[in-house]
Amino acid sequence: MSPLRTLALGALLLPLAAHANDPYSYAQPDEVRVTHLDLQLKLDFPHRQLDGQATLTLDWKDPKAGTLVLDTRDLTIASVASVDAGGTASPLPYTLAPRDKQLGSKLTIQAPQRPHEVRIVYTTSPAASGLQWLPPAQTAGKRQPFMFSQSESIHARSWVPLQDSPAIRFTYDAHVSAPRDARVVMSAPNDPRHPLDGEFSFAQTHPIPSYLLAIAAGDLAVRETGPRSAVYAEPSVVGKAAHEFEDTEKMIRTAEQLYGPYRWGRYDILVLPPSFPYGGMENPNMTFATPTVLVGDKSLISLVAHELAHSWSGNLVTAASWRDIWLNEGVTTYVQGRITEALYGKRQADEEALLDIHTLQRELPSLPLNAQRLAPKPGHVDADDSLSDVAYNKGSWFLRTLEQRFGRATFDDYLKSYFNHFAFQSITTEQMLDFLKPNLIDKYPGKMSWNEVQEWVYGTGVPKDAPVPDSPQFDAIDKERTAFLAGTLPAGKLDAKGWNTQEWMYFLDGLPDAPPLARMQQLDGAWHLTGTPNAEIGMRWYVHAIAAGDKAAWPAAAEHMTRIGRLYLTMPIYAALSKTPDGLAFARQVYAKAKNGYHPLTQQAVEALLAKAAKK
Ligand code: BES
Ligand code: ZN
């Protein structure tokens, strides 16, 4: 994972004003809970907006309650009404609070009769933080516009007024009207043969948290990859995607053998334009994925293993708050490794685990102590703190440690029982621990003490005896890198012909922060890293070439940064450029050209980085 995951994911800050249970939401789930959402949407591409009507089914918990508080961000509210059993709407008074920078605008609806349904008619803003609208010129086909959502962490509120907290689960129905030639998909079962008639209906019958609400629309072709899986992508991309993801059904079966049935029906993958700000997003029934993993050799396929794994860890058993996010990302990264090992072998899985371990070890010393805990202490929950490599890499390391101590068979049974026990629930770290103690730790005494568990979950750093996989390949690369840097092994003599993607990543990750320029030039001369089609290798190469002062790499770096909006692959290059005045000036130029093609989250992240660099 990126040393800059914090940068990439850290859009959440300052949980001050909101409700105690979830500092990132204004919702008051002890008073009333949304149990179902009925969504009517019209896609308005010319105005880059959704015209929406959201009807919320409510379960009033407190007989004395009389207000419904919802999360919104940059929504224009046209009306709010209660809806009676006969479908008659009666207006309700409401207030929309001024916009909080992090949380958006609290929508307070007066509903003293505690209605069963409340309906909000609204439109979204063209700058909605959870949506990107692409004009035809920014698509591969250049003929039709494209749009997609990214709701995690707290962006669902920018396109639907709701209780935007992972502790609250609801089912949904949706009806979407779109231009006639567009295909619309959502985080619900999708019909690969749906006609292009401008009218799409969806039903998500499993209760999901709001961050899993998702929609996308554009010129999407479909290619089936198995009996219950397909890839969706623009027509010029779909063939490559179908080839890269041809093992999808095998992956589903592998996960099912380990952890029980895949409970969602279909599992499809949508390949987005390169501006998609993340690698992947586990939207139920329809993983959203970056095209940067389509490298032709399946070497970045673990991304699919990861998003598929979330069908158990995350979508089935969900972290109840952003502070508990390691329950989603750490457990998923562990399961991802198991799927990768089963399908692509132990060497591949161990290399990926080692890359994560090294990234974590590089990052840990610079993290505040509370950010080093899997479950940060309540009271100081900066989500900036909870969304780092710690959740992913320390979390998965903890699970690999449990596996090693208790044995694979025992741990597999345990994890399966955990998923079954908490299926379709949102849980805290403490609930997870209350299940772990009797069902694993105390059941098999002498394998791991409760103190050790506490150290993993609440301690800083990583326990000293944490197991590290062996990798003869990585050991050999360490030796070669050392000899290369010492000048005893010329770049052309590196044994890199057979290096896979992960081995190149490992080689480059281990270079010094500012390597000698002559060495970098030699390396590029021998291996042609500038302009590489593999963006994982490219990102690492450009960061080191720039740090070495190799201006010859700048134009290709700029091309990479302009084309790719994925935070993790682009932000580190902005950061590397920003370290010198010349570089910063160049970064500004690149951004000026790239900005219009970037997702709102990427725009926000680059602007924050450039502003911070200017102050230094
Ligand atoms: N759920 C995450 C993406 C996410 C996390 C978005 C937090 C917003 C806030 C997704 O499953 C993920 O982890 N994606 C990774 C890829 C993966 C292979 C580690 C990514 O996007 O880099
Ligand atoms: Zn994930």
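With the numbering used here, you'll find the sequence shown wraps up at 626, consecutive numbering, no jumps. Note that CB positions come from ideal geometry on N, CA and C, so glycine has one too.
Beta-carbon within less than 6 Å of residue i's beta-carbon, same chain only, minus the 5 sequence neighbours each way: which residues are those?
i	result
Gln148	Gly607
Phe408	Trp466
Thr343	Tyr402 and Ser406
Ile352	It is worth fixing the name first, because residue 352 is Ala in this sequence and not Ile. So the qualifying residues of the chain are Thr264.
Asp72	Glu41
Gln70	Looking at the sequence itself, residue 70 is Trp, so the reference to Gln does not match. Closer than 6 Å at the Cβ level, and outside the excluded window around Trp70, lie Val42 and Arg124.
Asp475	none
Lys622	none
Ala536	Ala501 and Gly502
Let me make sure I understand the geometry here. Which of the options has the alpha-carbon closest to that of residue i?
i	options	result
Val669	Asn338, Gln414 and Ser376	Nothing about residue 669 can be reported from this structure: the residues present for the chain run from 11 to 626 only.
Glu440	Gln63, Lys561, Ile335 and Leu117	Ile335
Pro56	Arg233, Ala188, Ser312 and Pro591	Ala188
Gln50	Thr65, Gln38, Met530 and Val42	Thr65
Arg529	Ala506, Asp560 and Glu513	Asp560
Lys489	Lys503, Pro477 and Val478	Lys503
Pro565	Gly593, Arg167 and Pro33	Gly593
Ala506	Pro526, Val90, Pro171 and Leu533	Leu533
Tyr584	Ala557, Phe286 and Pro610	Ala557
Tyr601	Lys589, Ala615 and Arg418	Ala615
Tyr120	Ala91, Lys111 and Lys603	Checking the sequence shown, residue 120 turns out to be Gln, not Tyr. Of the candidates Ala91, Lys111 and Lys603, the one whose C-alpha sits nearest the C-alpha of Gln120 is Ala91.
Lys250	Tyr272, Ile262 and Glu234	Glu234
Leu527	Ala493, Ala562, Phe517 and Phe255	Ala562
Gln142	Ala231, Glu244 and Ser159	Ser159
Asp366	Lys404, Asp485 and Leu521	Lys404
Leu313	Phe255, Asn325 and Phe432	Phe255
Got a sec: is the Cβ-Cβ distance from residue i to anything in chain C below 8 Å?
i	result
Tyr402	Note that chain C does not occur in the displayed structure, where there is just one protein chain.
Report the rounded CA-to-CA distance for residue i versus residue j, giving the unit in angstroms.
i	j	result
Leu206	Glu362	41 Å
Phe156	Gly208	14 Å
Ser396	Asp40	For Ser396, the pLDDT reaches just 49, beneath the cut-off of 50, and the residue's location in the model is therefore unreliable, although a value from the coordinates is still provided. Cα to Cα, the separation comes out at about 25 Å.
Pro103	Ile178	24 Å
Asp84	Ser115	7 Å
Asp394	Leu495	Low confidence applies here, because Asp394 scores a pLDDT of 44, under 50, leaving its location unreliable and the question unanswered by this model.
Val305	Asn510	12 Å
Asp183	Phe210	11 Å
Ala227	Arg410	39 Å
Gly471	Ser163	25 Å
Ser323	Val194	27 Å
Gln613	Lys605	6 Å
Lys136	Arg58	Before going on, a small fix: residue 136 reads as Pro here, not Lys. Cα-Cα distance, rounded: 5 Å.
Thr350	Arg109	44 Å
Leu53	Val131	14 Å
His570	Thr420	45 Å
Pro375	Arg383	13 Å
Leu412	Lys447	12 Å
Could you name the residues of the same chain whose beta carbon sits closer than 7 Å to that of residue i, not counting the 5 residues immediately before and after it, in chain order?
i	result
His715	Outside the shown range of the chain (11 to 626) lies residue 715, about which nothing can therefore be said.
Asn295	Ser197, Ala198, Pro199, Asn200, Trp274, Gly275, Arg276, Tyr277 and Asp278
Asn4	Coverage of the chain is limited to positions 11 through 626, which leaves residue 4 absent and any answer about it impossible.
His368	Asp519
Trp514	Ile547
Asp422	Leu268
Gln599	none
Apart from the five residues just before and just after residue i, which ones in its own chain have a Cβ nearer than 8 Å to its Cβ?
i	result
Phe416	Tyr424, Leu450, Tyr454, Lys457 and Met458
Gly284	Looking at the sequence shown, residue 284 is not Gly but Pro. Taken in chain order, the residues that qualify are Thr300, Pro301, Thr302, Arg573, Ile574, Gly575 and Arg576.
Pro145	Pro155
Val128	Thr65, Leu66, Leu68, Leu78, Val90, Ala91, Ser92, Val93, Leu102, Ile119 and Ala121
Open item on the list: Going residue by residue through the segment 268-324, where are the continuous alpha helix (DSSP H) segments of at least 4 residues, counting only ones entirely within it?
Closed with: 312-319
Open item on the list: Restricting to runs no shorter than 3 residues, where is the beta strand (DSSP E) found entirely within the segment 93-134?
Closed with: 99-101, 104-106, 115-120 and 127-133
Task: Minimum length 3: unbroken beta strand (DSSP E) runs contained in the segment 183-240 - done: 193-196, 209-219, 225-228 and 231-236
TODO: Just list the alpha helix (DSSP H) runs in the segment 448-529, keeping only unbroken ones of 4 residues or longer that don't cross its boundaries, in chain order.
DONE: 460-468, 482-496 and 511-519
Task: Uninterrupted beta strand (DSSP E) stretches inside the segment 363-441 (no shorter than 3 residues) - done: 435-437
- [ ] List in chain order: all unbroken alpha helix (DSSP H) runs of 4+ residues lying wholly within the segment 523-565.
- [x] 527-537 and 545-557
Open item on the list: If we require 3 or more residues per run, which beta strand (DSSP E) segments fall completely within the segment 576-601?
Closed with: none
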